[in-house]
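Numbering (the working numbering), first residue to last: 170 to 547.
Here's the structure we're looking at; comments come further down.
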Amino acid sequence: MLNSKRKLRPRDAARFANAEPALFAELATVLCKTEILPEKELHECWQMAQHVHQTFPDAPHIADLAAGHGLLSWILVLIARVSETAFPRTAVAVDIKRPKAAEILAEAITNHWIELRSAVSYVEGSIESVVASNGPNTLFVATHACGSLSDRVLLVAIGSGSSLALMPCCHSLRKQTETLSSISQISGVPMQAIASKPESIDLFRKRALRSLGYTVSEASIDAEITAYNHMILGKAPEHSLTQDSKAEANLSRPLKVWGEIRAFEKIHRLDVSNREDATLLASRPPREWVRFFDLSFWVRDESERVELEAEMRSLAAAHTVDTKVIFQDQFLHPTTQRLSTTFRVELKSSAIVISKEDALALRQSICEALKAKYDLRA
């Protein structure tokens, strides 16, 4: 089994020099330079993309849900553009939070394949917000969508009348009762036959899709890559949406133009078939980064507490990101009569990533500056 933690490094590129096909070798070399991706995920996404493209070779647009770093989206658009019948496939990658790795990955790939620069849009949003107004032309994909995430992807695809390619993992009947029940109600397939075994849950999913008119096939990537290597491929029927579903899919709110969208405003309806909207939403700043830590000091009295708070605010304000010092609580020691006071220091930014190390460095600098005057409470 490939190591899921070890990341590819520039020195690893030599191992892929003679890999087949040539496109895989080229991609691997590009990714090695980024130093952000485990080799396991390269093979996983590549092999899944091959199966998806073989099953849906003409799919013009991809909606990659629970996308993570978004590599599956990039490989699918790349394969389409270099195939014998090359065409400009596009994709929208969706996840609750866009990781920094997704930005590094996108930059590396588009610097190497300049023609892909507008091919993939990454939008932060929930699966529940997703619809596809042009369902037949939108293919939903998800790799290793854990537990109920796979069910939610399946439900979104069914509701949009779209085909789907799914690699489920982390099956749990107990944790998926609600989503599996929804699939049962829509499809008419009873849940009684489901056992706790992963094969049983996937069998139920396939039966549900078939009952709704989907043409279902299966595929697997190499078991040496991951134990969760099974794929469900469902081709949607030509007329799969009910009238109610069509009406729901056609309910569209005008999208706010850039400048009116608040940076972290929740997206209530994300039409992944609408490339213009997706591109606009992808230009929003990433979700806000927040770190915080608490500090407690012993002070003589209330006036010294106020003085300490002012000094902490001054020290925190020198940081490169927005900081806030918040008074939390205090108590009087019954024996020594010393006053203990606690503050929370909060760091926020929408422009740069704030790491744990950044927060720790600020904590240490505040403690160092104040230790001669105030007694830090252990």
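Where a beta carbon is used, it is the ideal one built from N, C-alpha and C, also for glycine.
Since this is a predicted model, take the numbers as computed values, not measurements.
Answer yes or no: do residue i and residue j have a C-beta to C-beta separation smaller than 8 Å?
i      : j      : result
THR510 : SER290 : no
LEU516 : LEU531 : yes
LEU240 : LEU274 : yes
LEU206 : LYS176 : yes
SER242 : ALA236 : yes
ILE327 : SER295 : no
ILE115 : CYS201 : No information on residue 115 is available, as it lies outside the stretch 170 to 547 that the chain covers here.
VAL299 : VAL441 : yes
SER380 : THR348 : no
ARG469 : ASP527 : no
GLN216 : ASP391 : yes
VAL550 : ARG482 : Since the first residue shown for the chain is 170 and the last is 547, residue 550 is missing from the structure and cannot be characterised.
ILE394 : LYS269 : no
ALA197 : ALA188 : yes
ALA194 : HIS238 : no
GLY304 : SER329 : yes
LEU501 : TYR543 : no
GLY171 : HIS212 : The sequence as given places Leu at residue 171; Gly does not occur at that position. Yes.
LEU508 : ARG474 : yes
LEU163 : GLU480 : The displayed coordinates of the chain run from 170 to 547. Any statement about residue 163 would go beyond what the structure contains.
ALA277 : THR346 : no
Does residue i come out as helix, strand or coil in the three-state DSSP assignment?
i      : result
GLY403 : strand
PHE373 : helix
PHE185 : helix
CYS315 : strand
LEU424 : Confidence at LEU424 is low in this model, with a pLDDT of 37, below 50, so the placement of that residue is unreliable and no value is reported for it.
CYS536 : helix
LYS517 : strand
SER386 : strand
GLU393 : coil
TRP467 : strand
ASP227 : coil
ILE506 : Correcting the residue identity first, residue 506 is Gln in this sequence and not Ile. Correct three-state label for GLN506: coil.
VAL236 : The residue you asked about is not Val; residue 236 is Ala in the sequence shown. In the structure shown, ALA236 sits in coil (DSSP, three-state: anything other than H, G, I, E or B).
GLN497 : strand
LYS176 : strand
SER414 : Since pLDDT at SER414 reaches only 41, below the 50 mark, its modelled position is unreliable, and no value is offered.
THR511 : strand
ARG321 : helix
LEU439 : strand
LEU171 : coil
ARG250 : helix
LEU378 : helix
ASN419 : Bear in mind that a pLDDT of 37 at ASN419, under 50, signals an unreliable position, so the model cannot answer this.
LEU529 : helix
LEU245 : helix
LEU308 : strand
PHE433 : Note that PHE433 scores a pLDDT of 41, beneath 50, so its modelled location is shaky; the value from the coordinates is reported in the next line. In this structure, PHE433 counts as coil in the three-state DSSP scheme.
LEU545 : strand
SER341 : coil
For the beta strand (DSSP E) that residue i lies in, which residues bound it at each end?
i      : result
VAL199 : Element bounds for VAL199: not the beta strand (DSSP E) but the alpha helix (DSSP H), 191-203.
VAL156 : Coverage of the chain is limited to positions 170 through 547, which leaves residue 156 absent and any answer about it impossible.
ALA260 : 259-264
LEU333 : 332-338
GLU293 : 289-293
Need the endpoints of the alpha helix (DSSP H) that residue i sits in, please.
i      : result
ARG474 : 471-486
CYS214 : 208-224
ALA270 : 269-281
ALA447 : 444-451
GLN354 : 346-356
Comparing the CB of residue i with every heavy atom of the ligand MG, is any distance shorter than 7 Å?
i      : result
TRP467 : Questions concerning the ligand MG fall outside what the structure shown contains, since it holds no ligand whatsoever.
Since residue i contacts residue j with CB under 8 Å, what's their CB separation in whole angstroms?
i      : j      : result
PHE496 : ARG546 : Contact doesn't hold; Cβ gap of about 15 Å is too wide.
ILE401 : LYS366 : The pair is not a contact, with the Cβ atoms about 16 Å apart (cut-off 8 Å).
ARG444 : THR259 : 6 Å
PRO406 : GLY382 : 3 Å
LEU439 : PHE512 : In fact, because the Cβ distance is near 39 Å, the residues do not count as touching under 8 Å.
ASP320 : ILE352 : 6 Å
HIS281 : VAL199 : 5 Å
contact_flag[the stretch 280-288, the stretch 306-313] where n(CB pairs < 8 Å) is 3 or more:
no
Handout entry: the stretch 213-231 contacting the stretch 328-348, beta-carbon criterion three pairs below 8 Å
Key = yes
Check whether the stretch 244-257 and the stretch 338-352 are in contact - that is, three or more C-beta pairs closer than 8 Å.
Judged by Cβ distances under 8 Å, the stretch 244-257 makes no contact with the stretch 338-352, as fewer than three pairs qualify.
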